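Peer 1: I'd like to ask you about the structure that follows.
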Amino acid sequence: MNRRILLAALAAAAAAIAIPAAAQQPKLKVGFMLPYSGTYAALGDAIEKGFRLYLTEQGGRIGGREVEFFKVDDESDPAKATDNVNKLIKRDNVDVIVGTAHSGVAMAMAKAAKDNGTLLIIPNAGAVAVTGPMCAQNIFRSSFSNWQPGYAMGEVAAKRGAKKVVTITWKYAAGDESVGGFKEAFEKSGGQVVKELSLPFPNVEFQPLLTEIAAIKPDAVYTFFAGGGAVKFVKDYAAAGLKKTIPLYGAGFLTDGTLDAQGADADGLLTTLHYGDGLDNPKDRSFRAAYSKAYNAVPDVYAVQGYDAAQMLGIGLAAVKGDVANKPGIASAIVAAKIDSPRGPFTIGASHNPVQDMYLRQVVGKDNKVIGVATKALADPGRGCKM
Ligand code: PHB
């Protein structure tokens, strides 16, 4: 064989084994740790649907890699959280964890993610600590901090003339921090929280607390409840006759994904949240059309957060060509991005929490109709975060 023929043969052989870079990489292992049972079961379902919708739109690949899913039902139980997250990290050896809804579970997940260096994207739980003292290069949130909707509603309640407010919530991080955000804004504007009522998660024995509210007669009530508990609270508040006399203000979870079950008892309620109905931006229109085609359902805030978790992962992994070990590259791409969300474009702040508009919504029939922006481009303060 002369030299020319030899070179041609070598080139042909090289071409035959040249496979596109992306195809050489193994599947990306994504672990869903979400509530698939209990009061937050509907949240987990919507988050997963939103995430999968984005993946379908991307032809089944993220960062050039095909995706393989692993699933754990966390039952919104903080006591089982460390064991559950270790199933994904140690047993399944996932590349990224997407979860969860419940703040107490999310804090255990954040600790494990930090200790093991696993990429974690939180598609709901608003635990302030996760983008505060526990913040880390490999931990992101596509949703909100519990402080954000509460803070926005504190401003709204003050503007609407309330002076004395009673708060009522579940006694755990989400409830405490939601009330904390509300109180911070409301008291800054001259209002006063006269009583903070609570019950353990996920209890729904609201009656004694509603009796207390009736006796105190505040100007308004502020509440954080979500999922199945929110359905019952709204119905019980109306049944107790309070809806007619004392305005009920809430973080928007109170009426998100719940209106079919709440019916007329939710009519007229005012809430603050980073999503709502009637936003009418191009991304929301196309997202809603695709979601309803895929699932025959109207998306709620949880579906949006799941979709955006997938978008953030896509942005991060595209920047590092699918190399999930490159955490600094992933983080800088996500922090630099403007995320084209159905909620409207948003950015990720230095503590890895969304900086986003908080909408004021009012329940009209089966819609959380957006009636204004309560607080524009609201960033969680990220207190205690040192990256
Ligand atoms: C939380 O635990 O952080 C939480 C749960 C459900 C929500 C919002 C926040 O709808």
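When we follow the working numbering, the leftmost residue of the sequence shown carries the number 195, and every step to the right adds one. Cβ atoms here follow ideal geometry from the backbone N, Cα and C, with glycine treated the same way. Computed from a predicted model, the values in this text were never measured in an experiment.
Quick check for students: name the residue ranges of the alpha helix (DSSP H) that lie wholly in the stretch 465-513, counting only runs of 4 or more.
Peer 2: For the stretch 465-513, whole alpha helix (DSSP H) runs of length 4 or above, ordered along the chain, are 476-489, 495-513.
Peer 1: Look at the alpha carbon of F419 and the alpha carbon of T541, and state the distance between them as a whole number of angstroms.
Peer 2: Spanning the two alpha carbons is a distance of roughly 26 angstroms.
Peer 1: N287: beta carbon under 7 angstroms from a heavy atom of the ligand PHB?
Peer 2: Every heavy atom of the ligand PHB is 7 angstroms or more from the Cβ of N287, so no.
Peer 1: Cβ of S297 versus every heavy atom of the ligand PHB: is any distance shorter than 7 angstroms?
Peer 2: It does: the Cβ of S297 is within 7 angstroms (strictly closer) of some heavy atom of the ligand PHB.
Peer 1: Please confirm whether any heavy atom of the ligand PHB lies closer than 7 angstroms to the CB of Y431.
Peer 2: Not so, every heavy atom of the ligand PHB lies at least 7 angstroms from the Cβ.
Peer 1: Please confirm whether Q401 and V428 have their CB atoms less than 8 angstroms apart.
Peer 2: For Q401 and V428, no; Cβs fall outside 8 angstroms.
Peer 1: Who does A445 pair with in a DSSP beta bridge?
Peer 2: Bridge partners of A445: T466.
Peer 1: Can you tell which of D268, K560, Q499 has the C-alpha that lies nearest to the C-alpha of D459?
Peer 2: Nearest of D268, K560, Q499 to D459, Cα basis: K560.
Peer 1: Measure the beta-carbon distance from R555 to G446 and round it to whole angstroms, keeping in mind my assumption that it falls under 8 angstroms.
Peer 2: Indeed, because the Cβ distance is near 6 angstroms, the residues count as touching under 8 angstroms.
Peer 1: Using the Cβ count rule (16 or more neighbours within 10 Å means buried), how would you classify A273?
Peer 2: Exposed, because fewer than 16 other Cβ atoms sit within 10 Å of the Cβ of A273.
Peer 1: Give a single yes or no on whether G423 has its beta carbon closer than 7 angstroms to a heavy atom of the ligand PHB.
Peer 2: The answer is no for G423.
Peer 1: How about the stretch 221-235 and the stretch 473-482: do they share at least three Cβ pairs that are nearer than 8 angstroms?
Peer 2: With the cut-off at 8 angstroms, the stretch 221-235 and the stretch 473-482 do not touch.
Peer 1: List the endpoints of the continuous alpha helix (DSSP H) containing D370.
Peer 2: From DSSP, the alpha helix (DSSP H) with D370 extends over 367-382.
Peer 1: Check the DSSP bridge columns for W364 and list the partner residues they point to.
Peer 2: Answer is L393.
Peer 1: Near E399, which residues of its chain fall below 7 angstroms by C-beta distance, leaving aside the five closest residues on each side in sequence?
Peer 2: Taken in chain order, the residues that qualify are L393.
Peer 1: Count the other C-beta atoms from every protein chain shown that fall within 10 angstroms of the C-beta of G320, then say buried if there are 16 or more, exposed otherwise.
Peer 2: That one is buried.
Peer 1: Using 8 angstroms as the Cβ pair cut-off and three pairs as the minimum, do the stretch 303-314 and the stretch 236-250 touch?
Peer 2: Result no; under three Cβ-Cβ pairs closer than 8 angstroms.
Peer 1: May I ask which residues mark the beginning and end of the beta strand (DSSP E) holding L314?
Peer 2: Run containing L314: 313-316, per the beta strand (DSSP E) assignment.
Peer 1: Do you know how far the Cα of P536 is from the Cα of L572?
Peer 2: In a straight line, the C-alpha of L572 is about 17 angstroms away from that of P536.
Peer 1: One question on the structure: do V350 and G472 come within less than 8 angstroms of each other, judged by their Cβ atoms?
Peer 2: Their beta carbons are not under 8 angstroms apart, which means V350 does not touch G472 by this criterion.
Peer 1: Using a Cβ-Cβ cut-off of 7 angstroms (strictly less than) and excluding sequence neighbours within five positions of G462, which residues of its own chain qualify?
Peer 2: Closer than 7 angstroms at the Cβ level, and outside the excluded window around G462, lie Q556, V557.
Peer 1: Hey, out of M552, S336, Y234, whose CA is closest to N397's CA?
Peer 2: Ranking M552, S336, Y234 by Cα distance to N397 puts Y234 first.
Peer 1: Measuring only the C-alpha atoms, how far is A346 from K437?
Peer 2: When rounded, the distance between both Cα atoms is 22 angstroms.
Peer 1: Alpha carbon to alpha carbon, what distance is there between R577 and V334?
Peer 2: Looking at the sequence provided, one finds Phe at residue 334 rather than Val. C-alpha separation (whole angstroms): 16 angstroms.
Peer 1: Output yes or no for whether 8 angstroms exceeds the beta carbon distance between G293 and D268.
Peer 2: For G293 and D268, yes; Cβs fall inside 8 angstroms.
Peer 1: So does G320 have its beta carbon nearer than 7 angstroms to some heavy atom of the ligand PHB?
Peer 2: Flag set: Cβ of G320 near the ligand PHB.
Peer 1: I'd like to check one pair, G500 with P220: are the Cβ atoms closer than 8 angstroms?
Peer 2: In this structure, G500 does not lie closer than 8 angstroms to P220 by Cβ.
Peer 1: Heavy atom of the ligand PHB less than 7 angstroms from the Cβ of Y443, yes or no?
Peer 2: For the ligand PHB, not one heavy atom lies less than 7 angstroms from the Cβ of Y443.
Peer 1: Pick out whichever of A236, I256, R246, K223 has its Cα sitting closest to the Cα of A513.
Peer 2: Comparing Cα positions, the closest option is I256.
Peer 1: Taking the alpha helix (DSSP H) that A351 falls in, what are its first and last residues?
Peer 2: 341-353 is the span of the alpha helix (DSSP H), which, as asked, contains A351.
Peer 1: Using DSSP bridges, identify the partner residues of N562.
Peer 2: Its beta-bridge partners are V557.
Peer 1: If contacts are defined as beta-carbon pairs under 8 angstroms, then A433 and L448 qualify, I think. What distance do you get, rounded to the angstrom?
Peer 2: About 16 angstroms separates the two Cβ atoms, so there is no contact after all.
Peer 1: Give a single yes or no on whether L237 has its beta carbon closer than 7 angstroms to a heavy atom of the ligand PHB.
Peer 2: Yes, the Cβ of L237 comes within 7 angstroms of a heavy atom of the ligand PHB.
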